[in-house]
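Novice: One structure follows; several queries about it will come next.
Protein chains: 2
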Amino acid sequence: MIDKQSPMPIYFQLERSLRSQIENNTLKPGDLLPSEREYAEQLDISRMTVRQAITNLVNEGLLTRQKGRGTFVAEQKLEQKLSGLTSFTEDMKVRGMNPANTLLSFELVPAETKVAERLHLKQHTPVYEIKRIRLADDVPMALETVYISANLVKGLTEAITASSLYRYIEEDLGLQIGHAVQSMEAAIVNEQERAHLLVQKGAPVLLIERNTFLKDGTPLEYVKSSYRADRYKFTIDINR
Amino acid sequence: MIDKQSPMPIYFQLERSLRSQIENNTLKPGDLLPSEREYAEQLDISRMTVRQAITNLVNEGLLTRQKGRGTFVAEQKLEQKLSGLTSFTEDMKVRGMNPANTLLSFELVPAETKVAERLHLKQHTPVYEIKRIRLADDVPMALETVYISANLVKGLTEAITASSLYRYIEEDLGLQIGHAVQSMEAAIVNEQERAHLLVQKGAPVLLIERNTFLKDGTPLEYVKSSYRADRYKFTIDINR
DNA sequence: TCATTAAATTGGTATAGACAACTATACTTT
DNA sequence: AAAGTATAGTTGTCTATACCAATTTAATGA
Chain A
6 MIDKQSPMPI YFQLERSLRS QIENNTLKPG DLLPSEREYA EQLDISRMTV RQAITNLVNE
66 GLLTRQKGRG TFVAEQKLEQ KLSGLTSFTE DMKVRGMNPA NTLLSFELVP AETKVAERLH
126 LKQHTPVYEI KRIRLADDVP MALETVYISA NLVKGLTEAI TASSLYRYIE EDLGLQIGHA
186 VQSMEAAIVN EQERAHLLVQ KGAPVLLIER NTFLKDGTPL EYVKSSYRAD RYKFTIDINR
Chain V
6 MIDKQSPMPI YFQLERSLRS QIENNTLKPG DLLPSEREYA EQLDISRMTV RQAITNLVNE
66 GLLTRQKGRG TFVAEQKLEQ KLSGLTSFTE DMKVRGMNPA NTLLSFELVP AETKVAERLH
126 LKQHTPVYEI KRIRLADDVP MALETVYISA NLVKGLTEAI TASSLYRYIE EDLGLQIGHA
186 VQSMEAAIVN EQERAHLLVQ KGAPVLLIER NTFLKDGTPL EYVKSSYRAD RYKFTIDINR
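Chains as they are written, first to last, in our numbering: chain A, 6 to 245; chain V, 6 to 245.
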């Protein structure tokens, strides 16, 4: 388990050992670990060295320490999922609703100034422009316009837009989505939105703009959405 | 700089000192720090205690260590800051504006149903209720109501609310903020908001609710804010 | 039996020292 | 001039010890 003659640091060996015990469920979430003093005596190493191993795993979130009680295997954080990047489709499923789309238009157009800027393209480079109404349980929730670099998704067809665009990009094209910069602001519906979202004049909407990038930093898409304020509330989990 | 008699751990005091030196550019990115032994001798503390402070900052990404060379101030990752949890104060500074507050009320009140639920308290447990107008360059940006468990911040006074509440909680109380669940929605201003934000009737506002937790999971605060839609856009970086 | 007190256990902080591994520099040898 | 060598300074690892603070457990007393 621990080899003092190894060039590998002792704390690192212990760290790896504990990590694998957690991995293969020898140590289960909620379990109490042997005390630091016990490890030290058992392995004939200093308590401070044990602490160094455990501290690293605590920082990673695999273990938790409680003064006077002991060190425990951390419970898995399901919460983590919420903090990530979710599509409208996934989002609605989580909320227990049935997502659907109505395609308004599907065109290959030259990128105008703002779109070109967000996708790091030269102006007038061809991009797909997809306008959709997003429905949840058949109720209009949002009006969405997606701009996506044509050279990244060459085989894009109208049929694909009927389901989840993200699923297609990740699973069929094998592109890895990295991060997104998203902005949110409030506004009053304009006429176009009002017609599609079926709301009163003067009703508030939540405007969301999202700029999505691949893992390598290439801009993938630029999305502008208008959500009905009376039906949609955006929630996110922010970690330090 | 370091007070050995303070109940605050020495490594924590040094950590805070270094953090603030980096904050106010006394230590600039790329700078070489004095060696660990030098700090130990200078402050008359153990080298291991110095290491504990530095290790924490390395884990946070503020410092980097190179064996045989020394410890350096890390290059700033601006993006990182945006993705994390930021206070209004920090947020406005990043945007190059001057943040300020107008205190409307500061009371110790019994927690009502929703507040108690969010703070995991029994109903009618005393909580601080702080109402403030948030200003940026002297322009009203938001109306904010903070509810915070009274037993967590016993010494809270009106004076503290004049500056940054987060700074006080982290640096003076030594509480570690973990994560926050934040929701955003759009609405039309009500009368109270209209009076304080100085906007037209029927103007849109961005309603933000935030539930902040400590690292150990204890609920710290519940905040309701109404931001002027014409002046404020919320931006966040979302990582997979 | 129940509540109180005391002791034991646990993680948290801190010290002092030692040696290893690595880097940069100055100096010596080839 | 180039290569090798010594040296001082840096972080990395590890030990042994000590005391503190929070919690649990055992002993005690009414």
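From the three backbone atoms N, C-alpha and C, an ideal C-beta is built for every residue, glycine too.
In this text, all values refer to a predicted model and were calculated from it rather than measured experimentally.
Would you report the Cα separation of V:Asn3 and V:Tyr16, rounded to the nearest angstrom?
Specialist: Because chain V here runs from 6 to 245, residue 3 of chain V falls outside it and cannot be looked at.
Novice: Looking at C-alpha atoms only, which residue of V:Glu163, V:Glu134, V:Thr107 is the closest neighbour of V:Val144?
Specialist: V:Thr107
Novice: Which partner residues of A:Gln4 appear in the DSSP bridge assignment?
Specialist: This structure cannot settle anything about residue 4 of chain A, because the visible part of chain A is limited to 6 through 245.
Novice: In chain order, which beta strand (DSSP E) runs of at least 3 residues are fully inside the region 119 to 199 of chain V?
Specialist: 131 to 141, 144 to 154, 182 to 193
Novice: Please tell me whether V:Phe218 and A:Met189 are closer than 8 Å, where the distance is taken between their beta carbons.
Specialist: no
Novice: Could you tell me whether the Cβ atoms of V:Arg236 and V:Val210 are closer together than 8 Å?
Specialist: no
Novice: Measure from the alpha carbon of V:Leu161 to the alpha carbon of each residue in V:Ala191, V:Pro34, V:Ile135, V:Asn29, then state which is nearest.
Specialist: V:Ile135
Novice: Figure out for me which residue from A:Val158, A:Ser231, A:Pro12 has the closest Cα to the Cα of A:Arg139.
Specialist: A:Ser231
Novice: What does V:Val210 reach in chain A if we use C-beta pairs closer than 9 Å?
Specialist: Ala191, Pro209
Novice: To the nearest angstrom, how far is it from the Cα of V:Lys72 to the Cα of V:Lys33?
Specialist: 20 Å
Novice: Which bits of chain V does A:His125 rub up against, with CB to CB less than 8 Å?
Specialist: Chain V residues near A:His125: none, gap ~16 Å exceeds 8 Å.
Novice: Quick one: list the residues of chain A neighbouring V:Asn156, beta-carbon separation under 7 Å, in chain order.
Specialist: Those do not exist, as V:Asn156 stays about 19 Å from chain A at its closest Cβ, beyond 7 Å.
Novice: Please report the straight-line C-alpha distance between A:Val186 and A:Gln128, rounded to a whole angstrom.
Specialist: A:Val186 and A:Gln128: Cα-Cα distance of roughly 21 Å.
Novice: Residues bridged to V:Ile241 by DSSP?
Specialist: A:Gln187
Novice: Out of curiosity, what's the CA-to-CA distance linking A:Tyr173 and A:Thr69?
Specialist: 39 Å
Novice: Would A:Arg42 be called buried (16 or more neighbouring beta carbons within 10 Å of its own) or exposed?
Specialist: exposed
Novice: Assuming V:Asn64 contacts V:Glu20 under a Cβ cut-off of 8 Å, what Cβ separation, rounded to an integer in Å, is found between them?
Specialist: Wrong, their Cβ atoms sit about 11 Å apart, outside the cutoff.
Novice: By the 10 Å Cβ neighbour count, where 16 or more other Cβ atoms means buried, how is V:Thr54 classified, buried or exposed?
Specialist: buried
Novice: Mind pulling the chain A residues with CB within less than 8 Å of V:Asp238?
Specialist: In the sequence on display, residue 238 of chain V carries Lys and not Asp. Within chain A, the residues near V:Lys238 are Ser188, Met189, Glu190.
Novice: I'd like to check one pair, V:Glu175 with V:Ile165: are the Cβ atoms closer than 8 Å?
Specialist: no
Novice: Grouping DSSP H, G and I as helix and E and B as strand, with all else coil, what is V:Lys98?
Specialist: helix
Novice: Name the chain A residues that come within less than 9 Å of V:Asn195, Cβ to Cβ?
Specialist: The premise fails here: V:Asn195 is roughly 12 Å from chain A at the closest Cβ pair, so nothing lies under 9 Å.
Novice: On the DSSP bridge list, what partners appear for A:Ser231?
Specialist: A:Leu148, A:Leu212
Novice: Just to confirm my understanding: we take V:Thr118, look at its own chain, exclude 5 residues before and 5 after, and list those with CB closer than 8 Å. What are they?
Specialist: Gln128
Novice: Contact criterion: CB-CB distance below 8 Å. Does A:Glu20 meet it with respect to chain V?
Specialist: no
Novice: Give a yes or no on whether 8 Å exceeds the smallest Cβ distance from V:Asp96 to chain A.
Specialist: no
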